[in-house]
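Positions 225 to 567 (my numbering) are the ones given, in order, by the sequence shown.
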Amino acid sequence: MDPPSSPPPHDHGQHEQEHQHGCPAAREKRPWGWAAAVAGEARAQRGIALPLIAMNLTWFAKQAVTTAFLGRLGDLELAAGTLGFSFANATGFAVLTGLCGAMDPICGQAHGAGNAALLRRTLLMATAMLLAASLPIALLWLRVDTVLLRVFGQQPDIAVVARRYVLCLLPDLAVTSFLAPLKSYLSSQEETKTAAADWLRLIRLAVPCCLNTCLEWWCYEILILLTGRLPDARRAVAVIAITLNFDYLLFAGMLSLSVSASVRVSNSLGAGDAAGARRAGAVSIVGGVLAGALGGLTVLLVVIARMDWGAEADKARLRTGAGADGEPNAAHKEAPQNAAADV
């Protein structure tokens, strides 16, 4: 009868090491193993989101500086520039950005699967698609004054100046057609089938992405266009332009978080890591909630800091029937006397 087998001497050390530190499966089951994975995912998304936040803040800061300079020229220029930029956003930049949104899942999964050829091909195809879409958009921008007058009922002087502003934005269509695909290509973590199948995949994703982006952006632009129909349109549009510029700065952070989440989820799916994709989605949702709460708290603190508390106290005393010195108002003094006379 053969003696019972015993592990070789070199396996004994490995067995002791696994006994001390635990096997990989056991480490995954430990609570701190899950926490470490979540912390690693948060660091990975932070590495993607921070550069995107800086880039988006730069983009929105450019519009804020433009608004400030337009405000120094006068109410007409500020109102016309705001309406012109809203029209350009709704009909041009929203469409191009939405069409380019199809690149995020494709490039992310291609990078996760190690398919560099698909990454480069998607970049070229998306750039060509955006350049082709820019041609009808440019033709529409040439008639922006007619659209603002006849379709949206804006004031003639504002519409004329808005056309001059929109014509200056025409080169931005070509710039966006190159920069937007390049941003998606690089953010997919890469220096970063047939041709017909590739085009079909891109277009099938681009159309719903474009619709989703346009519906989101149009909410702001419709608000500005409706403001332009008010009696004092110049002042009303100027006020809403300044308000939305502050809102855009908060929006930059949330937009960057969404892009980083899309990249991490698509990379995990491309690598076949379903658990990593779920973990990336959960971390991004929690990060978005925290960022939204922080943004809302910032707005609340700004409003509180700029309130005239003395004036608000005077209004409150007037509403409760007390004057500025704490004495009841004359109207409230006379009310009991009038009631007694009626009796």
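C-beta: ideal position from N, C-alpha, C; glycine also.
As the structure is a computational prediction, the values presented were derived from the model and not from experiment.
- Per DSSP, Arg453 lies in no alpha helix (DSSP H) segment and is marked neither H nor E.
- A direct Cα-Cα distance of roughly 16 Å separates Glu265 from Val513.
- The Cβ atoms of Ser484 and Ile330 do not sit closer than 7 Å to each other.
- Your pair Thr306 and Val461 checks out as a contact, with CB atoms roughly 5 Å apart and the cut at 8 Å.
- In the three-state DSSP reduction, Phe376 falls in the coil class, being neither helix nor strand.
- In terms of Cα proximity to Ala259, the closest of Val526, Thr467, Leu354, Ala506 is Ala506.
- For Gly332, same chain residues with a beta-carbon under 6 Å away, outside a window of 5 residues either side, are Ser412, Val487, Ser490, Asn491 in chain order.
- Relative to the Cα of Tyr444, the nearest Cα in the group Leu468, Arg428, Cys434 belongs to Leu468.
- Arg387 is classed as buried because its beta carbon has at least 16 other beta carbons within 10 Å across all chains shown.
- The closest CA to that of Asn313, considering only Leu406, Val390, Arg267, is found on Val390.
- Cys392 and Gly336 have their C-alpha atoms some 40 Å from each other.
- Here Ala501 has Val489, Ser492, Leu493 as same chain residues with Cβ atoms under 7 Å from its own Cβ, once five neighbours each way along the sequence are excluded.
- A straight-line Cα-Cα distance of about 13 Å links Val384 and Phe311.
- Only buried fits Gly308, as 16 or more other CB atoms lie within 10 angstroms of its CB.
- Residue nearest to Ala340 within the set Ala292, Val289, Leu410 is Leu410 (criterion: CA-CA distance).
- In the DSSP assignment, Gly500 falls within the unbroken alpha helix (DSSP H) covering 498 to 530.
- The stretch 398 to 407 makes contact with the stretch 350 to 360; the number of CB pairs closer than 8 Å reaches 3 or more.
- Look at Thr544 here: in three-state DSSP terms it is coil, with no helix or strand label.
- Note that the stretch 316 to 325 does not touch the stretch 366 to 383; fewer than 3 beta-carbon pairs, one per stretch, sit closer than 8 Å.
- Asn339 sits in coil when the DSSP states are folded into three classes, being neither helix nor strand.
- Non-local beta-carbon contacts of Ala362 in its own chain, meaning distances under 8 Å to residues more than five positions away in sequence, involve Leu394, Leu397 in chain order.
- Counting C-beta atoms within 10 angstroms of its own C-beta, Glu440 has fewer than 16 neighbours from the protein chains shown and is therefore classed as exposed.
- Going by C-alpha positions, Ala285 is about 13 Å away from Gly477.
- A direct Cα-to-Cα measurement between Leu481 and Lys539 gives close to 42 Å.
- Inclusion of Thr451 and Ile464 in the CB contact set at 7 Å is warranted, their separation being smaller than that value.
- Boundaries for Ala326: no alpha helix (DSSP H) harbours it, and the DSSP string shows neither H nor E there.
- Rounded to whole angstroms, Leu302 and Val289 show a C-alpha spacing of 12 Å.
- Here Gly516 has Met478 as same chain residues with Cβ atoms under 8 Å from its own Cβ, once five neighbours each way along the sequence are excluded.
- For Phe470, the closest of Leu297, Thr291, Pro380 by C-alpha to C-alpha distance is Thr291.
- With 16 or more neighbouring CB atoms inside 10 Å of its own CB, Phe317 falls in the buried class.
- For Ile277, the CB contacts under 7 Å within the same chain, skipping 5 residues up- and downstream, are Ala476, Gly477, Ser480 in chain order.
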